[in-house]
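Take the sequence shown: its position 850, counted from the start at 1, is 863 in the numbering used here, and no numbers get skipped.
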Amino acid sequence: MAESGKRRRLSHVNSSSQTSASAAKMFTGSQRDATGGESFVDGSILRITMKNFLTYDYSVVYPGPNLNMIVGANGTGKSSIVCAICLGLAGKTAILGRGDKVGLYVKRGCNKGSIEIELHKSGGNVVINREIHVENNQSLWMLNGRHCNQKTVEEEVKALQIQVSNLCQFLPQEKVGEFAKMSKIELLEATEKSVGPPEMYEYHCELKNFRNKERDLENIVKEKANFLEKAKQRNERNKHDVNRYYEKKRHLDVIKLLKKKKPWVEYETTRKELEGVKRERDEAKKQLSAQRQAQAPMLRKIQQIDNQLKPTEAQIKAKTAAIKEASNKCKQKQDQLDRKHKEIEDIEQTLRLKQMEEEDHQKRISNTRRTIEDLKAELAKVGDQPDVTPQINAINVELRSIQEERAKIKGEKADLSRERDKLCGETAKFKKKLNDMNNMMNAKERKLQGRHRDTHTALQWLRQNRHLFKGNVHEPMMLVINVRDHHFAKYVENHIPFHDLRAFVFQRKDDMESFMAEVRDKKNLKVNSISAPEESCSKRQPSRNIESLRRFGFFTYLREMFDAPDEVMSYLCHQYKVHDVPVGNDQTKDMIKTVIEEPYLRVLYTTEERYTVKRSFYSNKISTSNSAVHPSQYLTITVDTEEKRQLEQQMKACELKLQDIDERMEALQKELTALDRRDNELLAEKKRLSELKVKKRQLEQKISTKQDSLRQMEQSVIDLRKIEEETKEKIGAVNSQKVSIVAAFMAQMKLRATLTMEKVYLALETVGLTAEKIKLENDCREGASVLKATDQKCNRLEQRKVQLTEQCKDLLKRAKSMCTMQPDESLPEDLRNAFSKLPDTLDEIDAMLNEERSRAECFTGLSESVVDEYSSRELEITHLEKELEDQSNALNAYRQNISEAKERWLNPLKQLVEQINEKFSDFFRSMQCAGEVDLHAENEEEYDKYGIRIRVKFHSSTQLHELTAYHQSGGERSVSTMLYLMALQELNRCPFRVVDEINQGMDPVNERRVFDIVVRTACKETTSQYFFITPKLLQNLQYAEEMTILCVHNGAHMLPPNQWDERAFIRRCLQRKARA
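So this is what it looks like as structure tokens:
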């Protein structure tokens, strides 16, 4: 306890503002402020004043310079002090993990609240005042009694090295679990800010910036070097192009000269050709005149023969026409004879047909007589058979009975078929509904896969290996929980944390351990699992019947809003009391002040908010906190499990009915088949008897019919003799006509022969004259063709002369134009000399032109710009080489600076981490465990990848494992976090540290060990101020004189602080101990 020489400091409460609903009293150990000589460091908290803040009306807290133990029951206001420190030092509400609006921290029913914090500072303390207004959710700031803005306060706090956003310095209750989730990089930065020299974090940031700039410089140097190399290579290639350019230019000059000379050579060649054409034309004119004089006598003789041939050819044409007419008459007579021959053949054919018809008629008569005899014999046999009518009548009676039975069976089948169709429709409808429900479950599974892939992977493994487990194993809660109405999903999802929504639920603990060993340890998957309570809690009754709460707007309990398997519901009732959490509406919100006074209400929901109600164990005073109900993300997809179960039962019942109907229809079909078979047998027998009955009558009718037919055939006999005589008479008449036709035919044949001979004589005469004419024409034709050829030659030569004359003029004009000469100017001497070195013929010039052009075309893509580019690039290369040298020198100098900055940062950092590791390892050894802290970097040059790695081992049979949010248990994470913070405590750069209820997950042994370490470490003179908040303490703990114990009490019957008598309290305690 406190020494008598130390001054006692009590918290002050303004009794005029205190109400029965809230009061706070602090019992403090010894301490002295700076004026008393006690070791407060700059930035340490000397005083915290709270007014209308959370659970407090008005309270003043005076912490000590070393370890401050803030102890009190849940709901008394311990964490309210933590919230006051954070918000009073310009911290964000997100750091606390409670309400997101600062107005929510004002005591309920008040319009405003305030926080005032006094910080120690050499040369004058700093007093920060923050007044919070609920209406507009704004704050008014004062620094040392003067109004200011929040930024000014933040700068002052930063100057005192206070970092409430750093988890290594300020660890509120809601953020304890996030410490283990920090990455190695985040932990390093937080440690640097918390215990490193002020310049260490700046050096680190500087190094990261240096490294980024170094990369930029390296890239610049690399780019310039590459660009320079490419420029040199390009210029080396261009050098060859320049040489090729000059080579091409020489060929182009030769081509230009050849093009100038070619018109002159063409002109000279054309001029020489013109002279030759003139001489050839004159010679051809002389030959044409001589040939015309030699042709005149032969032309006169040919004309005389033509005059003789014309009368003879006219006679031949007349004879030819007469011969043709006689031939046509002969053909007509021949056609008449052919028709008479055909007429005789038709008469004879008619006679043959009549003869064949008579022969066939006699055969039919004979066959009919035999048929009649056969029918009479058969009729005699049939007459001896008995009467079959009674048998046919009996068969008809049985057939009617079968038809009635068949109609009855078909009616039953039709009824069953209609019933079957109806059941099939219902089954299809049930299947569709079940498929829709299953698709909704698949959508929930896809959401799980998108949010937490490890859990989905473990789910796939579970489905394949479910046989390995002895008890029930349920898939993640979010898949098996089915909200009955999607509007209720937000309440369930806000009440159950996501880490439990994605947790697997096991009926047996050994199954859970086997599962975690497989998926977490072997597969390294980050998954959560839960073991259901051994005794089922799913049917627990609520504290109060919902009917008694309906007057407040409550309409159901949270458990009634969803369905879940028994083990899952048992866990939720046990852990989250879902059976005892009522849900209300806007009426509940309006009556909230009355509602929170109701007994047994701990957590409740209105339409858009969640309220948590806490009652003081001592005073029964109520404190509440509220938060917004966030929209649901995972449970909005709802499936009515009762409806699904009923659908499955209905579908199974339908399937059983369908099976029964199919069996009945099959039996009816068998009966119908048997009836059809008997029906066919009776019909066959009836047919046989009916045929036997009508056979006699049919035979009599057939005999009568055949006899009538025989009489008709005997009456219709043909007279062949008369027909033969008529045929002879017809043939005789036709032969007489043939004789007259033959006589006329012979007369026309004689006339045609006479005309033909006369034509032959005339033709022989014509042949003689024609032969003589042909001989003369051939002789004349040879001379005429020569004459015509000579004439054509003269014309062609004249035309050629005109063309060449014009061509010579054009060529001369073009040649002078090519050489840029005047029309009357002669060829210059320099061109004459240049032309003398070139070929003199067109073929040679064209060949040389083609050769030079081919050579010039080989130099493609070349222009005068190649030479200019080559020259400019030479200058650019020189400039680039100088720039590259300057950049390389700058990079080397920069690297030297980085190396120096790295030494300034890395060496102290390694020493700092080694000191932390030494303390951390000592703390773990004192707890018979193992732990170490090291500086981790995959690449020494990547300064933004450096981090602090914490590795711990709590069991001798295991290896050191990195501290993560998944591998260690909650108690192990709390111990590791606390010991790391204690390792930082001795390094003492930050003015104070705050840790809120970190010991809640520890077992008693570890809690006692950690408490001893905290006391030893935080009570040293070299350490800074430390706040340790806890709702409970173990018995018989070791305390130190340097500690300050702040006991937080809360209740309607508490004494005001100014009436608290510490000596009387101690005296009564000693008296009770003495009596005991």
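All C-beta atoms in this analysis are idealised placements derived from N, C-alpha and C, irrespective of residue type, glycine included.
Would you identify the three-state DSSP class for residue 35, choosing helix, strand or coil?
Here residue 35 scores only 32 on pLDDT, less than 50, and its place in the model should not be relied on; the value that follows carries that caveat. If DSSP states are grouped into helix, strand and coil, residue 35 belongs with the strands.
Which one of 743, 389 and 551 has the shortest CA to CA distance from residue 712?
Among 743, 389 and 551, the Cα nearest to that of residue 712 is on 389.
Going by C-alpha distance, which of 465, 466 and 486 is nearest residue 475?
Checked all of 465, 466 and 486; the closest Cα to residue 475 is 486.
In the DSSP assignment, what are the bridge partners of residue 495?
Note: residue 495 sits in a beta bridge opposite 576.
I'd like the list of long-range same chain contacts for residue 754, defined as Cβ closer than 6 Å, with 5 residues on each side in sequence excluded.
Only 346, 349 and 350 meet the Cβ criterion.
Could you tell me whether any non-hydrogen atom of the ligand COA is closer than 6 Å to the CB of residue 579?
Among the ligands in the structure shown, none appear at all, so the ligand COA cannot be discussed.
Give me the DSSP bridge partner(s) of residue 486.
Bridge partners of residue 486: 519.
Could you check where the alpha helix (DSSP H) with residue 601 kicks off and where it finishes?
Taken as a continuous stretch (DSSP letters only), the alpha helix (DSSP H) holding residue 601 covers 599-603.
Can you find at least 3 beta carbon pairs, one from the region 1047-1060 and one from the region 1018-1031, that sit closer than 8 Å?
Result yes; three or more Cβ-Cβ pairs closer than 8 Å.
Considering only DSSP beta bridges, list what residue 956 is partnered with.
Partner(s): none; residue 956 has no beta bridge.
Could you have a look at residue 266 and say whether DSSP puts it in helix, strand or coil?
In this structure, residue 266 counts as helix in the three-state DSSP scheme.
Among 52, 527, 568 and 587, which residue has its Cα nearest to the Cα of residue 548?
Comparing Cα positions, the closest option is 587.
Quick check: what's the CA-CA separation for residue 1074 versus residue 73?
Residue 1074 and residue 73: Cα-Cα distance of roughly 17 Å.
Excluding sequence positions up to five away, which residues of its chain have a Cβ less than 8 Å from the Cβ of residue 897?
Counting only Cβ-Cβ distances below 8 Å, and skipping sequence neighbours, we find 234, 237, 238 and 241.
Could you please give the first and the last residue of the uninterrupted beta strand (DSSP E) stretch that includes residue 91?
Element bounds for residue 91: not the beta strand (DSSP E) but the alpha helix (DSSP H), 91-101.
Who pairs with residue 637 in a beta bridge, going by DSSP?
626.
Note the first and the last residue of the continuous alpha helix (DSSP H) segment covering residue 1093.
Any answer about residue 1093 is impossible in this case: the structure gives the chain only from 14 up to 1089.
Using the Cβ count rule (16 or more neighbours within 10 Å means buried), how would you classify residue 665?
Residue 665 should be labelled exposed.
For residue 474, report the span of its alpha helix (DSSP H) as first-last.
That run of the alpha helix (DSSP H) goes 466-477.
Can the beta-carbon of residue 612 be found closer than 7 Å to that of residue 583?
Contact: no.
So residue 976 packs on residue 948, CB below 8 Å; how close in whole Å?
So it is not a contact: roughly 15 Å between Cβ atoms.
Could you compute how far the alpha carbon of residue 501 sits from the alpha carbon of residue 574?
Their Cα atoms are separated by approximately 7 Å.
Which word fits residue 513, buried or exposed, when buried means at least 16 other C-beta atoms lie within 10 angstroms of its C-beta?
Buried, by the Cβ-count rule.
By Cβ distance below 8 Å, which residues in the same chain neighbour residue 814 in space, the five residues on each side in sequence not counted?
The residues are 287, 290, 291 and 294.
Please report the distance separating the alpha-carbon of residue 1029 from that of residue 967.
Each residue's Cα considered, the two are about 22 Å apart.
Where does residue 1041 fall in DSSP's three states?
It is a strand residue.
Please determine, among 760, 910 and 1037, the residue with the shortest C-alpha to C-alpha distance to residue 340.
The shortest C-alpha separation from residue 340 is found at 760.
Is it true that the region 919-933 meets the region 153-171, where meeting means three or more beta-carbon pairs spaced less than 8 Å apart?
The region 919-933 is not in contact with the region 153-171.
Can you give me the start and stop residues for the alpha helix (DSSP H) that residue 949 sits inside?
Per DSSP, residue 949 belongs to no alpha helix (DSSP H); it is in the beta strand (DSSP E), 943-949.
Any chance the region 478-495 sits against the region 517-535, with 3 or more Cβ pairs inside 8 Å?
Counting Cβ pairs under 8 Å, three or more are found: they touch.
Tell me whether the region 675-686 and the region 638-648 touch, counting them as touching only if at least three CB pairs, one residue from each stretch, are closer than 8 Å.
The region 675-686 is not in contact with the region 638-648.
How long is the line joining the alpha carbons of residue 840 and residue 834, rounded to whole angstroms?
Going from the Cα of residue 840 to the Cα of residue 834 covers about 8 Å.
Taking the alpha carbon of residue 422 as the reference point, which residue from 763, 140 and 681 has its own alpha carbon closest?
Selected option, being the one with the closest Cα: 681.
Look up residue 975 in the DSSP assignment and say whether it is helix, strand or coil.
Residue state, collapsed to three classes: strand.
Can at least three beta-carbon pairs, one atom from the region 259-278 and one from the region 793-806, be found at a separation below 8 Å?
Touching, no, given that fewer than three Cβ pairs across the two stretches are closer than 8 Å.
How many angstroms separate the CA atom of residue 558 from the CA atom of residue 511?
Using only the alpha carbons, I get a separation of about 29 Å.
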